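Enquirer: Each number in the numbering used here corresponds to the 1-based position in the sequence shown with 372 added.
From the three backbone atoms N, C-alpha and C, an ideal C-beta is built for every residue, glycine too.
Keep in mind that this is a model prediction, so the values were computed, not measured.
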Amino acid sequence: MNEDAPKVFISYSHDSPTHKQWVAELAAELRKNRIDAILDQWDLGLGDDITKFMEDGLTESDRVLIICTENYVRKADAGEGGVAYERMIVTAELVRDLGTQKFIPIIKQKSKEPTLPKFLGARLYIGLTTRLSGLEPLLPAYHPAVWSAYLGSVKRRNSIQ
373 MNEDAPKVFI SYSHDSPTHK QWVAELAAEL RKNRIDAILD QWDLGLGDDI
423 TKFMEDGLTE SDRVLIICTE NYVRKADAGE GGVAYERMIV TAELVRDLGT
473 QKFIPIIKQK SKEPTLPKFL GARLYIGLTT RLSGLEPLLP AYHPAVWSAY
523 LGSVKRRNSI Q
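(1) Report yes if the CB atom of residue 449 is closer than 8 Å to the CB atom of residue 490, and no otherwise.
(2) So if DSSP puts residue 437 in a beta bridge, which residue, or which two residues, is it bridged to?
(3) May I have the straight-line CA-CA distance separating residue 442 from residue 382, to the nearest angstrom?
(4) Taking the alpha-carbon of residue 445 as reference, which of 388, 493 and 500 has the nearest alpha-carbon?
(5) Report back the beta-carbon spacing between residue 384 and residue 423 to the nearest angstrom; my notes put them in contact at under 8 Å.
(6) Have a look at residue 452 and residue 459 and give me their C-alpha separation to the nearest angstrom.
(7) Alpha carbon to alpha carbon, how far is residue 436 from residue 467? Give it in angstroms, no decimals.
(8) What are the boundary residues of the alpha helix (DSSP H) that includes residue 410?
(9) On the premise that residue 461 lies in contact with residue 478, defined as a C-beta separation below 8 Å, what is that separation, rounded to the nearest angstrom?
(10) Rank 440, 419 and 415 by C-alpha distance to the C-alpha of residue 429 and give the top, closest one.
(11) Is DSSP giving residue 471 helix, strand or coil here?
(12) Please state whether DSSP places residue 493 in a helix, a strand or coil.
(13) Within its chain, find whatever has a CB closer than 7 Å to the CB of residue 409; leave out the 5 residues flanking it on each side and keep chain order.
(14) Could you tell me how far apart the beta carbons of residue 412 and residue 425 are, in whole angstroms, since I believe they sit closer than 8 Å?
(15) Under DSSP, the alpha helix (DSSP H) around residue 396 begins and ends at which residues?
(16) Helix, strand or coil for residue 451 per DSSP?
(17) Does DSSP put residue 429 in a helix, in a strand, or in coil?
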């Protein structure tokens with residue numbers, strides 16, 4: 373994709389074929405909106421270094437979408453597999469810059485309480501529980517000039533004397 377397009381890495385757990393398809397559809401929708409979505413299903417080939425792919429994606433992207441499912445949260449909190457490896461990298465970046473907005477949790481499953489891993493518990497999240505409805509809140513984060521409203525001038529009233 374074009375170099376001036378914002379780059380987003382998608383972090384998720386491989387819960388099921390249906391979930392992987394949903395994530396691929398999310399990435400495709402982002403690309404349609406001129407956001408360079410980096411996804412293992414497209415960008416990681418046989419024989420590639422998986423940990424380098426994760427490190428580069430997490431550190432070199434403008435933003436990271438973290439798809440939080442119950443399985444992702446369980447793996448992150450328990451320190452299992454690739455999710456735990458990515459958690460370690462994200463946590464290190466959060467320690468270096470607590471005010472960063474780089475990491476955006478996406479809640480995929482409906483529940484009374486948001487399903488977030490401990491390391492993202494204080495972060496504002498977006499709920500995308502249905503088929504990609506609700507994607508609009510992501511777009512201003514990547515193209516603020518397009519979505520920001522014009523800041524008008526203050527109109528002064530004549531004082532009554």
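Expert: Quick answer:
(1) Against a cut-off of 8 Å, the Cβ pair of residue 490 and residue 449 comes out as a contact.
(2) Per DSSP, 382 and 476.
(3) Their Cα atoms are separated by approximately 17 Å.
(4) Ranking 388, 493 and 500 by Cα distance to residue 445 puts 493 first.
(5) Contact annotation, residue 384 with residue 423: C-beta distance approximately 16 Å; criterion of less than 8 Å not satisfied.
(6) So the alpha carbons of these two residues sit roughly 10 Å apart.
(7) A direct Cα-Cα distance of roughly 16 Å separates residue 467 from residue 436.
(8) It is not in any alpha helix (DSSP H) - residue 410 instead sits in the beta strand (DSSP E) that spans 408-410.
(9) Between the beta-carbon of residue 478 and that of residue 461 there is about 18 Å, and that puts the pair past the 8 Å contact cut.
(10) For the residues 440, 419 and 415, the minimum Cα distance to residue 429 belongs to 415.
(11) In the structure shown, residue 471 sits in coil (DSSP, three-state: anything other than H, G, I, E or B).
(12) Residue 493 falls in the coil class under three-state DSSP.
(13) Answer for residue 409: 380, 382, 399, 402 and 403, listed in chain order.
(14) So it is a contact: roughly 7 Å between Cβ atoms.
(15) Counting along the chain, the alpha helix (DSSP H) containing residue 396 begins and ends at 389-404.
(16) If DSSP states are grouped into helix, strand and coil, residue 451 belongs with coil.
(17) In the three-state DSSP reduction, residue 429 falls in the helix class (H, G or I).
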